[in-house]
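**Student:**
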Amino acid sequence: MTPPHSWGGGLFLSIRGEVSAKPTKGRGPRGHQPVRTCVACRQEAGKADLIRLVRKPDGRVGVDRAGRAPGRGAYLHATAECIELARKRRSVDRALKTPVQPELWLEIQ
0 MTPPHSWGGG LFLSIRGEVS AKPTKGRGPR GHQPVRTCVA CRQEAGKADL IRLVRKPDGR
60 VGVDRAGRAP GRGAYLHATA ECIELARKRR SVDRALKTPV QPELWLEIQ
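Those letters in the sequence shown? Residues 0 to 108, by numbering that gives the first Met the number 0.
(1) At the level of alpha carbons, what is the spacing between Lys87 and Gly30?
(2) With a threshold of 6 Å on Cβ separation, who are the neighbours of Leu84 within its own chain once the five nearest residues in sequence on each side are excluded?
(3) DSSP state of Arg35, grouped into three classes?
(4) Rounded to a whole number of angstroms, what is the C-alpha to C-alpha distance between Ala47 and Val34?
(5) Should Val91 be labelled buried (16 or more other beta-carbon atoms within 10 Å of its own) or exposed?
(6) Counting along the chain, where does the beta strand (DSSP E) carrying Arg54 start and finish?
(7) Within 10 angstroms of the Cβ of Arg67, are there 16 or more other Cβ atoms? Answer buried if so, exposed if not.
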């Protein structure tokens, strides 16, 4: 997507050819939060409300606290119920397509 072009005087041209007094923004309204699904309970929640587990390049699974680590990711509520349900059903193993080491469950509880 190309940025809007300005002709001075505060007028902007969007990529659709529309002229406005404000620059167009490629993203939605302020305060938008991405929605993700918990692999245990399958409920949708804001990305910030979930724990991201990621399969690292070496094949091990770890907690991605920043939410930006490269690799396949899975989201999980930080509740004891969802953590236990994911462990029992092996939801994270399936989502990440790799076995989860037992010490990870101790780390996220």
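For glycine and all other residues, C-beta sits at the position ideal for the given N, C-alpha and C.
No experiment lies behind these values; they were computed from the predicted model shown.
**Tutor:** With the structure as the only source:
(1) Whole-angstrom Cα-Cα distance: 35 Å.
(2) Counting only Cβ-Cβ distances below 6 Å, and skipping sequence neighbours, we find Ala39.
(3) Strand at Arg35.
(4) Going by the C-alpha atoms only, they are around 9 Å apart.
(5) Classification for Val91: buried.
(6) For Arg54, the uninterrupted beta strand (DSSP E) run begins and ends at 49–54, by DSSP.
(7) Exposed, by the Cβ-count rule.
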